[in-house]
Every structure is written in C-alpha cells, then in structure tokens.
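Enquirer: When we follow UniProt numbering, the leftmost residue of the sequence shown carries the number 1, and every step to the right adds one.
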Amino acid sequence: MAKIITTEDLRKKLASGVKDFYLVDVLSANSYRAQHIPGAQNIVNGPDFLKRFEKEIAAPKDAEIIVYCASATCSASVQAADILEKANYTKVIHYKDGLAGWQNTGYHFEGEAT
C-alpha cells in the first residue's frame, strides 16, 4: 500500500525547489491541460498506464513517485499507485486529496484554466 502525503507536505516539497521526485497527474489530458499541480506530468490512468509511465517518465524503480487525481473520492490515483507498486516501484506515494485538496488550500495551479 502506497504511503500518503498531505497537501502541506506536498506544498513544502514543491516549494523546496529540490526536484528529487516525480509528480504524476493520472486524470484525462483535458483535465491536465485545464489545471494541474505545478510540476506534474500527465500519464492518464488506463490500460496502458504502466507502459506510458515507463516510456514517458522513465523513473528508476527506487525513485519517489507521487500520484494524484481529482479528490479523495477519486480512485484513479489509488489504482495507478497499485500498478506502480506491482511493477516493483518502491517509493510510491499517494496524494489522496488531489486537485480538490490543492484547490481548497488556495495553492497555485498551472494550466489553461488558471
């Protein structure tokens, strides 16, 4: 089971400027274009998620990978975290509050809708 990261801890990681992790938005490409957490890369959770992740992100198996989706009730990021863990990625972290949690705190987004 993936570890959980809070909104505040994710904000601190991003604010530190140290890019020692991968932040992955697993929502649709349209959602990502509209708004996403700064620094996130988009890999849609679907049948080819792992293949696309390995091709487009190419993270080492021991890299810290933070996945998120829309909100705490969205299961796409839970599924993506499970896929990554089953593929032997050892530091998978779930940002369960997702876009809704980020928005509720008033933190900055990137994308066309911002």
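We put the CB at the ideal spot given by N, CA and C, even for glycine.
If you pair each beta-carbon of the stretch 4-12 with each one of the stretch 45-58, do three or more pairs fall below 8 Å?
Expert: Judged by Cβ distances under 8 Å, the stretch 4-12 makes no contact with the stretch 45-58, as fewer than three pairs qualify.
Enquirer: Could you tell me which residues DSSP pairs with G36 in its beta bridges?
Expert: For clarity, residue 36 is His in the given sequence; the question names Gly instead. In the DSSP output, where bridge partners are listed per residue, H36 has E110.
Enquirer: Closest to E54 by C-alpha separation, out of G106, G98, I83, T105, would be which residue?
Expert: Nearest C-alpha to E54: I83.
Enquirer: Please check the pair I65 and Y22, which I expect to be a contact at CB under 8 Å, by giving their CB distance rounded to whole angstroms.
Expert: About 5 Å; that satisfies the 8 Å criterion.
Enquirer: Is the beta carbon of K96 less than 7 Å from the beta carbon of A72?
Expert: In this structure, A72 lies closer than 7 Å to K96 by Cβ.
Enquirer: With H, G and I counted as helix, E and B as strand and the rest as coil, what does DSSP make of K19?
Expert: Coil at K19, not helix or strand.
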